[in-house]
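Engineer: Chains P, U and X, in that order, are what the protein sequence lines are. Counting from 1, one number per residue, gives the positions in the first sequence under our numbering. Counting from 1001, one number per residue, gives the positions in the second sequence under our numbering. Counting from 2001, one number per residue, gives the positions in the third sequence under our numbering. Here you go, one structure.
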Amino acid sequence: MSASAPEPLPGARVSASTSASGSAPGAFAHARRVLRDNPVTLVGFVLLALLLVVAVGGEALAPYDPLASSDAVLQAPSFAHWFGTDALGRDVFSRVLVATRLDLSIAVAAVSIACVVGSALGAVAGYFPGALESVIDRLLDTIMAFPLFVLAMGIVAALGNTVENIVYATAVINVPFYARVVRAEVRIRRDAAFARAARLAGNPEWRVLLVHLLPNALPPLTVQVSLNLGWAVLNAAGLSFIGLGVRPPTPEWGIMVAEGANYIVSGEWWLAMFPGAALMLAVFTFNLMGDGLRDIVDPAKRT
Amino acid sequence: MSPTPPPSLLRVRDLAVSFRTRDADVEAVRGVDFELAPGETLGIVGESGSGKSVSVQAMMRILDAGGHISCGEILYSGIDLRRAAERDLRDLRGRELAMVFQDPRGALNPIRTVGRQIGDVLRLHARATRTTARAAAMRALEAVRIQDPGRVLDAYPFELSGGMCQRVVIALALACDPRVLIADEPTTGLDVTTQRAVMDLIAGLIRERGMGAILITHDLALAAGYCDRIVVMHDGRIVERGTPAELFGRPREPYTRRLVAATLRPGVSLEQLLPEVRPARRTVADPDPDPDPDPDPDPDPDPDSKPGSAPVDGASVEPLLSARSISLSFDTPTGQVHAVRDVSFEIERGRSLGLVGESGSGKSTTAAIVARLQDPDTGTLHFEGVDLTAVPARRFARHALRPRIQMVFQDSGDSLNPRHRARHSIAEPLERLTRLGRRERRDRVHALAESVGLPGSLLERFPHQLSGGQRARVNIARAIALDPALLVLDEPTAALDVSIQAVVLNLIADLRAERELACLFVTHDLEVVRLMCDDVLVMRAGELVERGTVHQVLEAPAHEYTRLLMAARPVPPPVAVVAGPSGPFGK
Amino acid sequence: MNPTLARVAGRVGSTLPVVAGVVVISFLLSRALPGDPASYFAGQLADAESIAQVRASMGLDKSLPAQFVDYVGALLRGDLGRSMSTGQTVATDLARRLPASLELTLAALVLSCAVAVPLGVLAATRPGSWVDHLCRVLVTAGVSLPTFFTGILLIYVFYYLLGWAPSPLGRLDFVYLEPAHVTGFYLIDALIARDAETFFAAVRQLVLPAVTLALFTLAPLARMTRASMLAALGSAHVRTARAVGATRRSVVLGHALGNALLPVVTTLGMVFSFTLGANVLVEKVFAWPGIGSYAVDALVVSDYAAVQGFVLTMALLFVALNLLIDVVYTVIDPRMRRGATR
């Protein structure tokens, strides 16, 4: 009798599967079920869809040209200009809309790179203990020894003030998170019974790692990705806020907040507030999705 | 003229407990009633999900969040615990009603010394003051017969062994001299010898102090050894009650009969574990069914031949597996641990070798080495004449002999890949090591599922959707998929309920007979060895202390440790015999 | 050797390679910064030869490894170079501005812990109550807030709209004089000088930036406290405590909290990392004269010595902080103290 397993409740048996055919529901049906049960996640997905539509649509959706200046300078929000205009007479609403694509693509690119590189490093470090693991460990420790935003500042300053470098800098500072998650998950399962069974079934070591262990790290990795996307957006905006990366007149949320900050003290709130709110919305969306994504990806949650 | 019965210490009537879940209320327990007289030990026995722990937690009013008592009364010395105020309950808990749980180390606060924890309880119930707490705690430790109470007093739980921790937990429970002790699976997870020591300790202390006690366990034999009366629970209800002799001798309910039949006891045969043959189990033509459980006193030419095992003949048949001087040690922060020391043995074709030992004996490590999942530091392993140790473990996966040696794992949470359906887990070895086409593989998987009694519809399920017994079957199907010559089984039934264990053991025996498998059977339970194995090896601390045929070793153990192991298991009362007072340990 | 001492020494020892890595990386970063300091120092009118002379005198013409050796040597002497914009040595600049940043960060952290830990504990002990929901909302919102935006929002509401907060122009309103310099922390120095007016003035200026920073760190701390408290409350030894009749208070405070705080201490390290980064943003928004705003100004003009000095200082500060947390953890967790293997 397992010493650590709690006694299951008599009423809560091993559940017979819900579908009539007797097999577990497919991935799509399961995803639908998770969303239905978890309204918060559903909201997150709806918002994400909205953001994606705006990001893809870009200029096509904007009522005005985001770069076109006009005489209608510093106008408060009105029917003509929903979010008001800025110091050069540009429509804030259009600029906020168009900025979506840039901010999201920076975040997605950075997180993708960080995820792939970090997971690879973590998998290797977790599975092959020894010299390789120590070297990787040291590297991760050194990266994490810097306050991460400061490191990003340093990298962008060193490599040059371009958008690509913002992506690289954000990617570098995010690598340790993925590496740590994957390393922990791989290490836990490295000697699990099913891993040994996989070896008995004729899987060489690389295949055990790739096919059997890594997919099991997917649920916590998915949560990490989702949360990271939010943080990457904040990072990129923060860097632009202090003048690194994106340059005017490119519309980007961080820069717009920075420009708008000067006008707050004189009461022209709309220049900073709307881009800031958009920023918050994007990050909030990614955070909302985090848990729901894990439930979708984890087959143990399928009933 | 019978004397008036003494007033009962504890009386539970018509208890019902439900849990609030997201969808609805789940009723965990219903219609439970029992009584406990002073000085009496009551056993509550049930398998997982029977509701035994829930009932008792409800009694002590320490249910988890979401649980509530929906009906019934709980009378302790006239007080209805169900309606009592929390303050009064707190007063009773520890001082009059004490509880001991499973997992002793987890039950103690990891960042506080033992002495302080006991002192806290004493001061809480005003049995000691700040100045007298230490001395009082020392006395509490001495009461549970701890040799070196001073050292233990200042130790943290992580510095103590499992058995020592359980003694501390008992000391904690008995510190305030309660009148009732409730022990919820107090020895599960402990070694067999430690189990015996702890249970004897508890029984002795109860007797000394004239306490009432409730023992909750899944092990009917254990309960029979220590309880005056037993209550059997199943699926949230009480199924039957009686003295151990009555339950074993004259079980009335079908569930009780199954439970009693499935309980391992000396002299029982595999078939007798399962008196009702279940349709999923395939019967095998047994060449020599032997209904008489008594061992033949005359030397039999082959007293240990189990159905299907190859006879031992004197002619030099090359052994299937030959292990010579296997050793393995590894470094830990506290020094070097010699997991396996100079172990040598042989397994003949078609015969089953049992490997018995407690935790830390090195049996699992030895099994892993035999299955080529690990490399020994020194020693060789010859299989069908080939030196297996020439190939390192991490390259063995693609070796030609890989399919010949396979392993069945214990059903712990991680024996099956959580992301793979049962079908995939079974088909994996076929995909990797055979050249079968997809259709052939699918047919093979179905055939395998059938031979282990797994309904085809379950093949599409994920591990978390399968019960323990079903997972065990998948484990077995996977292991025999490649038609191995040698099957290594590492405690395959340790995590299973008793009734399921009976089924799985029978299944393994049938498969062995059909396929003429040789087995290396790792277990801590000597009864399992007696049922399943031809030969046995006893290990302790990495060394082999005894070897021989099952008949030789179990009838006449030569080594003192083997004798200790044998004596540790409580012997239940005889089955299907009207019994007189049968005192297993001279109660 | 005393096992605790051995462990502490081990921890200290293990940071040495990290420090080495930090020095290497900040050296590499600084050398890759755009802008040629030699031509800047040589002046507008300098010709190629004098620029080359200046470069030689600054050691910038040597090979990279040689420059690294010079760099390390200078570091060990405490020489971080000279700032192009202020003309002072970077070390002087940083030393002058560090107290401002520390005062802000510490005030924010104290505030943050004072709110987050009780909030997390209450949320865990009363699941489903309004406290729990408040905690969860705060956490989700908190991790979504961009620090610089919160600061601006707070300025708008509390300064512009409500007029409660003073103008966000630094540590002290210009009417007041700095208190006599003892620690560099205005609050402490004002108290030492028994100058109540200056003290309160400094506090007023500190409130908004500290709250901004605190909001940022509140979320992860509250989330971690709540999660580890929930885990501790559900653990087996808490069940034992209830079974022996411990009062609810002693169960929560004595058994659960002690165990729950350990993971929170480890989280503090991560929180520090974010805080030191968010510091930069907050200092820019509130014109706080700390090392963060110093670095931002230096970045814009490619003042490489200043930026490099800033990055290095921050990293070393962070390493020291983590080491401190690590050591504290090693000392307070008896399992670490006595070398547990289980």
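Glycine is no exception: its CB is placed at the ideal position from the N, C-alpha and C atoms. As the structure is a prediction and not an experimental result, all values here were calculated from the model.
Does the contact criterion of 3 or more C-beta pairs under 8 angstroms hold for the stretch 2097 to 2104 of chain X versus the stretch 2197 to 2210 of chain X?
Structural biologist: They touch, by the three-pair rule.
Engineer: Mind listing which residues of the stretch 2252 to 2271 of chain X have their C-beta closer than 9 angstroms to chain U's C-betas, in chain order?
Structural biologist: Those residues of the stretch 2252 to 2271 of chain X that come within reach of chain U (Cβ to Cβ, closer than 9 angstroms) are Gly2254, His2255, Gly2258, Asn2259, Leu2262.
Engineer: If we ignore side chains and look at the alpha-carbon of each, how far apart do Thr1021 (chain U) and Asp1219 (chain U) end up?
Structural biologist: One C-alpha to the other measures close to 30 angstroms.
Engineer: Could you say which of P:Asp91, P:Ile173, P:Asp298, P:Arg189 lies nearest to Ala80 (chain P) if we only look at CA atoms?
Structural biologist: Out of P:Asp91, P:Ile173, P:Asp298, P:Arg189, P:Asp91 has the C-alpha closest to the C-alpha of Ala80 (chain P).
Engineer: Identify which residue in U:Val1445, U:Asn1417, U:Leu1320 has its Cα closest to the Cα of Phe1383 (chain U).
Structural biologist: Comparing Cα-Cα distances from Phe1383 (chain U) to each of U:Val1445, U:Asn1417, U:Leu1320, the minimum goes to U:Leu1320.
Engineer: By the criterion of Cβ-Cβ separation under 9 angstroms, what are the contact partners of Pro1429 (chain U) in chain P?
Structural biologist: Simply Ala197, Leu200, Ala201, Gly202.
Engineer: Does Ile1111 (chain U) come within less than 8 angstroms of chain X when only Cβ atoms are used?
Structural biologist: Yes, Ile1111 (chain U) lies at the interface with chain X (some Cβ there is under 8 angstroms from its Cβ).
Engineer: Going by DSSP, what residues sit across from Val108 (chain P) in a beta bridge?
Structural biologist: Looking at the DSSP assignment, Val108 (chain P) forms no beta bridge with any residue, so it has no partner.
Engineer: Any beta-carbon of chain X closer than 8 angstroms to the one on Tyr1076 (chain U)?
Structural biologist: No, Tyr1076 (chain U) does not count as interfacial toward chain X.
Engineer: Could you check whether the Cβ of Gly2245 (chain X) sits closer than 8 angstroms to any Cβ belonging to chain U?
Structural biologist: Yes, Gly2245 (chain X) counts as interfacial toward chain U.
Engineer: Does the CB of Asp1292 (chain U) have a neighbour CB from chain X at under 8 angstroms?
Structural biologist: Because Asp1292 (chain U) sits at a pLDDT of 41, beneath the cut-off of 50, its placement in the model cannot be relied upon, and the point is left open.
Engineer: What are the start and end residues of each continuous beta strand (DSSP E) run of 3 or more residues lying completely inside the stretch 1417 to 1490 of chain U, in chain order?
Structural biologist: Qualifying beta strand (DSSP E) stretches, in chain order: 1486 to 1490.
Engineer: Consider the Cβ of Asn228 (chain P): report whether some Cβ of chain U lies at a distance smaller than 8 angstroms.
Structural biologist: Chain U, which has no Cβ nearer than 8 angstroms to the Cβ of Asn228 (chain P), makes this no.
Engineer: Closer than 6 angstroms by C-beta to Ser1359 (chain U): which residues in its own chain qualify, once you throw out the five before and the five after it? Chain order, please.
Structural biologist: Contacts found: Asp1191.
Engineer: Val257 (chain P) and Phe2158 (chain X) - do their beta-carbons sit closer together than 8 angstroms?
Structural biologist: Going by C-beta atoms, Phe2158 (chain X) is not nearer than 8 angstroms to Val257 (chain P).
Engineer: Enumerate in chain order the residues of its own chain whose CB-to-CB distance from Leu271 (chain P) is below 6 angstroms, with the five nearest sequence positions on each side excluded.
Structural biologist: Correct list, in chain order: Asp86, Gly260, Tyr263.
Engineer: Does the stretch 143 to 160 of chain P come close enough to the stretch 2271 to 2291 of chain X to have 3 or more Cβ pairs within less than 8 angstroms?
Structural biologist: At 8 angstroms Cβ cutoff, the stretches touch.
Engineer: Could you check the C-alpha separation between Asp1331 (chain U) and Ala1339 (chain U) for me, to the nearest Å?
Structural biologist: C-alpha separation (whole angstroms): 10 angstroms.
Engineer: Using C-beta distances below 8 angstroms, list every residue in its chain close to Leu1507 (chain U), excluding the 5 sequence neighbours before and after it, in chain order.
Structural biologist: Contacts found: Arg1281, Val1452, Gly1453, Arg1473, Ile1476.
Engineer: Kindly give me the distance between the Cβ atoms of Val1343 (chain U) and Val1488 (chain U), rounded to whole angstroms, as I take these residues to be in contact under 8 angstroms.
Structural biologist: In fact, because the Cβ distance is near 15 angstroms, the residues do not count as touching under 8 angstroms.
Engineer: Closer than 7 angstroms between beta carbons: that is the criterion. Which residues of the stretch 208 to 219 of chain P meet it against chain U?
Structural biologist: The stretch 208 to 219 of chain P vs chain U, Cβ under 7 angstroms: His212, Pro215, Asn216.
Engineer: My output table needs one value for Thr1523 (chain U): the three-state DSSP class, helix, strand or coil.
Structural biologist: The answer is strand: DSSP assigns Thr1523 (chain U) an E or B state.
Engineer: Assign Asp1025 (chain U) to one of two classes, buried (16 or more other C-beta atoms within 10 Å of its C-beta) or exposed (fewer than that).
Structural biologist: When all chains shown are included, Asp1025 (chain U) counts as exposed.
Engineer: Which chain U residues are close to Pro2065 (chain X), counting only those with a beta carbon under 8 angstroms from its beta carbon?
Structural biologist: The contacting residues do not exist; Pro2065 (chain X) stays about 38 angstroms from chain U at best.
Engineer: Between Asp1957 (chain X) and chain U, is there a C-beta pair that is closer than 8 angstroms?
Structural biologist: Past the edges of chain X, shown from 2001 to 2342, lies residue 1957 (chain X), and the structure says nothing about it.
Engineer: Taking contact to mean at least 3 C-beta pairs separated by less than 8 angstroms, is the stretch 2263 to 2272 of chain X in contact with the stretch 2315 to 2323 of chain X?
Structural biologist: In short, these stretches touch, since the Cβ pair count reaches three.
Engineer: Under 8 angstroms by Cβ, that's how I've got Val96 (chain P) and Ala278 (chain P) pegged, so tell me the actual separation to the nearest angstrom.
Structural biologist: So it is a contact: roughly 5 angstroms between Cβ atoms.
Engineer: Just reading off the alpha helix (DSSP H) that Ser240 (chain P) is part of, what are its end residues?
Structural biologist: Per DSSP, Ser240 (chain P) belongs to the alpha helix (DSSP H) from 218 to 241.
Engineer: Let's see if you can read the secondary structure: which residues bound the beta strand (DSSP E) around Arg1022 (chain U)?
Structural biologist: No beta strand (DSSP E) holds Arg1022 (chain U); DSSP gives it neither H nor E.
Engineer: Any beta carbon of chain U sitting closer than 8 angstroms to that of Glu205 (chain P)?
Structural biologist: Yes, its Cβ sits closer than 8 angstroms to a Cβ of chain U.
Engineer: Taking just the CA atoms, how far does Ile1500 (chain U) sit from Gly1314 (chain U)?
Structural biologist: The predicted position of Gly1314 (chain U) is uncertain, since its pLDDT is 47 and thus under 50; a value taken from the coordinates is nonetheless stated next. One C-alpha to the other measures close to 38 angstroms.
Engineer: In whole angstroms, what separates the C-alpha of Val2252 (chain X) from that of Asp1120 (chain U)?
Structural biologist: One C-alpha to the other measures close to 14 angstroms.
Engineer: In the stretch 1027 to 1059 of chain U, which residue ranges form an unbroken alpha helix (DSSP H) of at least 4 residues, counting only runs that do not cross its ends?
Structural biologist: 1052 to 1059, all fully within the stretch 1027 to 1059 of chain U.
Engineer: Given a threshold of 16 other Cβ atoms within 10 Å of its Cβ, counted over all protein chains shown, does Gly1072 (chain U) qualify as buried or as exposed?
Structural biologist: When all chains shown are included, Gly1072 (chain U) counts as buried.
Engineer: Assess, as a yes-or-no matter, whether the stretch 183 to 198 of chain P is touched by the stretch 157 to 169 of chain P under the definition of 3 or more beta carbon pairs within less than 8 angstroms.
Structural biologist: No, because fewer than three Cβ pairs between the stretch 157 to 169 of chain P and the stretch 183 to 198 of chain P fall closer than 8 angstroms, the two stretches do not touch.
Engineer: Apart from the five residues on each side of it in sequence, which residues of its chain come closer than 8 angstroms, Cβ to Cβ, to Leu1129 (chain U)?
Structural biologist: The question names Leu, yet the displayed sequence has Thr at residue 1129 (chain U). For Thr1129 (chain U), where only same-chain residues beyond five positions count, the Cβ hits under 8 angstroms are Arg1123.
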